Amino acid sequence: MSSMEAVIVLNAGYEFIGLISWQRAMVLLFNGKVEVVKHSDRIVRTVKETFRVPAIVRLYKFIRQIYKREVPFSRKNILVRDSYTCQYCGREFPPCDLTIDHIVPKVQGGDNNWSNVVTSCKACNIRKGGMTPRQAGMRLIRQPFKPTIMEFINLYLKKRFGVDLTELLQF
């Protein structure tokens with residue numbers, strides 16, 4: 704799904720639910736399930752009519768969210784949090800060229816958690832070795848953090864679709 708096709712779905716209380724295709728959004732709209740919060744610049748034409756494609760839709764009925772409201776700790780999610788950027792040299796890399804580095808290495812008692820891991824390119828990770836950044840004479844570009852679900856969703860949308868959720872929700 705490209706950014707042209709992705710439509711943001713909000714719950715009745717304007718809570719982010721997910722992304723759907725523009726076609727699915729149009730079906731929900733015609734069936735009276737959603738209202739358009741913001742239109743995209745895209746237009747769809749039929750033989751008789753022209754329609755503006757929504758960018759954001761809001762459900763009329765509240766849907767109870769049963770999923771966990773925390774971002775799972777995983778390699779993929781760490782890469783998303785750090786925007787696929789080495790936190791030592793600042794360069795962006797494809798996922799296959801990145802590693803997960805422990806700020807306080809495991810050999811020095813470091814934990815495997817959001818505040819102790821960052822994305823690192825292979826060269827910086829080798830240079831740092833089993834030392835802390837201070838011991839290796841290196842500096843972090845940004846301190847690691849545990850993202851909230853909304854921070855994570857916004858980071859993901861920016862990277863994947865070039866969509867800034869905070870800008871889209873300013874209406």
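Residue numbers (our numbering): 704 to 874.
No residue lacks a Cβ here, since even glycine has one placed at the ideal position from N, Cα and C.
The model shown is predicted, which means the values in this text are computed figures rather than measured ones.
- Rounded to whole angstroms, how far is the Cβ of leucine 843 from the Cβ of valine 821, which I believe are closer than 8 Å? Sure, about 7 Å apart at Cβ, within 8 Å.
- Under the assumption that valine 710 contacts valine 760 (Cβ atoms under 8 Å), give the Cβ distance between them as a whole number of angstroms. 6 Å
- Message: Quick check on the DSSP output: what are the complete alpha helix (DSSP H) runs of length 4 or more inside the region 837–868, in order along the chain?
- Response: 852–864
- Query: Hey, out of Ala826, Gln838, Asp814, Lys736, whose CA is closest to arginine 794's CA?
  - Reply: Ala826
- Message: Please state the DSSP three-state secondary structure of valine 783.
- Response: helix
- My understanding is that serine 743 touches valine 756, with C-beta atoms under 8 Å, so please give their C-beta distance in whole angstroms. 5 Å
- Query: Is glutamate 870 helix, strand or coil by DSSP?
  - Reply: helix
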